[in-house]
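First up is the structure itself, then whatever we jot down about it.
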């Protein structure tokens with residue numbers, strides 16, 4: 201029997217292709233990121249790793265490949281995303297990271313919100329010492345009796361757990377120390393934050409005084425609960441770095457549990473947690489832009505995962521991957537809407 205050929209292919213094979221064509225087209229629609237590798241980053245602070253993993257898995261559902269996630273400090277990421285050496289991360293804190301905008305403004309952009317307006321920052325002290333010495337404001341650390349209570353090495357200064365170099369909070373804390381004339385009164389620890397906070401927690405459990413900077417969501421306020429173990433202290437006057445001055449009204453929070461005053465002037469504006477991506481990458485991948493514009497994670501869910509990491513020891517790579525999968529499945533109806541919009545954007 202003779203074989204007939206259609207466009208150089210045997211008839212049976214050509215027929216098979218015609219049958220498979222709709223399925224292949226559907227697969228392409230379902231996986232608009234097929235054959236595209238995303239250079240995804242996450243921050244050096246581990247409380248942001250859950251968000252990064254959730255978005256990683258969402259991108260993978262769209263077919264994008266992510267061979268590894270790079271852990272970067274703020275300056276390195278923002279310079280890299282502006283230059284196109286990295287594609288994106290979902291861990292921008294604004295206005296805290298406004299100081300880095302010049303580094304990525306020409307080649308990158310903020311897009312969407314992981315969490316809008318719910319990320320707080322400020323200074324806390326243990327409640328026992330605060331009540332004993334009537335500590336209500338950051339400026340109280342100029343007093344000799346207050347400095348003595350938090351002086352752990354005998355140098356005459358209070359010791360505060362601050363931020364490592366490269367974190368956005370490091371520059372704001374340094375600005376505060378100068379603006380409030382505290383440089384001669386407070387030593388700011390810039391060691392590993394997790395290690396320094398573990399040391400502070402141990403000191404607190406042994407009856408010592410603790411003074412530290414933190415943010416929410418964060419495991420610190422799970423292990424030392426505001427209002428019970430520690431208190432938020434205020435500033436008498438808002439003083440922000442020039443790039444944050446326009447947000448001065450956002451430093452006051454009403455009804456904040458565990459604050460020494462209500463309303464509570466934390467001295468730090470509430471932040472939005474936002475993705476930052478390379479603009480050329482977004483233009484080439486409209487599905488990613490559409491996803492970033494729609495996806496979000498409630499602050500309470502980030503806090504709950506952070507508590508699992510620190511209070512239950514569920515902080516391995518496998519734990520974080522599982523926690524992200526569980527969150528996605530628990531929010532599947534919302535997730536599917538985001539993914540549908542991303543696929544539609546890729547088709548248009």
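Numbering (this note's numbering), first residue to last: 201 to 548. Idealized CB from N, CA, C, for every residue including glycine. Keep in mind the model is a prediction, meaning the values are calculated, not measured.
Is the Cβ-Cβ distance between residue 475 and residue 289 less than 8 angstroms? Taking the first residue of the chain shown as position 1, residue 475 is located at position 275. Taking the first residue of the chain shown as position 1, residue 289 is located at position 89. In this structure, residue 289 lies closer than 8 angstroms to residue 475 by Cβ.
Cβ-Cβ distance between residue 509 and residue 367 below 8 angstroms: Along the chain shown, read from residue 1 onward, the residue named residue 509 stands at position 309. Along the chain shown, read from residue 1 onward, the residue named residue 367 stands at position 167. Not a contact, by the Cβ cut-off of 8 angstroms.
Exposed unless 16 or more other CB atoms sit within 10 angstroms - verdict on residue 409: Locating residue 409 in the chain shown gives position 209, where the first residue counts as 1. It is buried - the Cβ of residue 409 has at least 16 other Cβ atoms within 10 Å.
Measure the beta-carbon distance from residue 242 to residue 298 and round it to whole angstroms, keeping in mind my assumption that it falls under 8 angstroms. Working through the chain shown from its first residue, we reach residue 242 at position 42. Working through the chain shown from its first residue, we reach residue 298 at position 98. Contact between residue 242 and residue 298 fails: their C-beta atoms lie close to 20 angstroms from each other, not under 8 angstroms.
Residue 309 bridges to which residues according to DSSP? The residue labelled residue 309 in the question sits at position 109 within the chain shown. In the DSSP assignment, residue 309 is bridged to 477.
Segments of 4+ residues assigned as alpha helix (DSSP H) that fall wholly inside the stretch 497-522: The stretch 497-522 contains these whole alpha helix (DSSP H) runs: 499-511.
Quick one: what's residue 388 bridged to in DSSP? Here residue 388 refers to the residue found at position 188 of the chain shown. 360.
Taking residue 440 as the reference, which of 453, 276, 466, 504 has the closest Cα? In the chain shown, the residue the question calls residue 440 occupies position 240. Of 453, 276, 466, 504, the residue nearest in Cα terms is 466.
DSSP state of residue 223 mapped onto helix, strand, coil: Residue 223 sits at position 23 when you count from the first residue of the chain shown. At residue 223, the pLDDT of 46 sits below 50, so the modelled position is not reliable and the matter cannot be decided from this model.
Can the beta-carbon of residue 473 be found less than 8 angstroms from the beta-carbon of residue 293? Within the chain shown, the letter at position 273 stands for residue 473. Within the chain shown, the letter at position 93 stands for residue 293. In this structure, residue 293 lies closer than 8 angstroms to residue 473 by Cβ.
Can the beta-carbon of residue 361 be found less than 8 angstroms from the beta-carbon of residue 412? Here residue 361 refers to the residue found at position 161 of the chain shown. Here residue 412 refers to the residue found at position 212 of the chain shown. For residue 361 and residue 412, yes; Cβs fall inside 8 angstroms.
Can we say the stretch 254-268 touches the stretch 437-455, given the rule of at least three CB pairs closer than 8 angstroms? Output reads no: the stretch 437-455 does not touch the stretch 254-268.
So, helix, strand or coil for residue 411, using DSSP? As a working mapping, residue 411 is identified with position 211 in the chain shown. Strand at residue 411.
C-beta neighbour in chain C for residue 313, strict 8 angstroms: Going by chain labels, chain C is absent from the structure shown, which holds only one protein chain.
Looking only at C-alpha atoms, which of 377, 282, 267 sits nearest to residue 479? For this step, residue 479 is matched to residue 279 along the chain shown. For residue 479, the closest alpha carbon among the candidates 377, 282, 267 is that of 282.
On the DSSP letters alone, give me the boundaries of the alpha helix (DSSP H) that residue 280 sits inside. As a working note, residue 280 is residue 80 in the chain shown. Note, residue 280: alpha helix (DSSP H), 274-283.
Go through its chain and collect everything with a Cβ distance to residue 463's Cβ below 7 angstroms, but skip five positions before and after it. Here residue 463 refers to the residue found at position 263 when the chain shown is read from its first residue. By the criterion of a C-beta distance shorter than 7 angstroms, residue 463 is surrounded in its chain by 452, 453, 454, once the five residues flanking it on both sides are discounted.
Return yes when the Cβ of residue 338 is within less than 8 angstroms of the Cβ of residue 433, no when it is not. The residue you call residue 433 lines up with position 233 of the chain shown. The residue you call residue 338 lines up with position 138 of the chain shown. Judged by their CB atoms, residue 433 and residue 338 are nearer to each other than the 8 angstroms cut-off.
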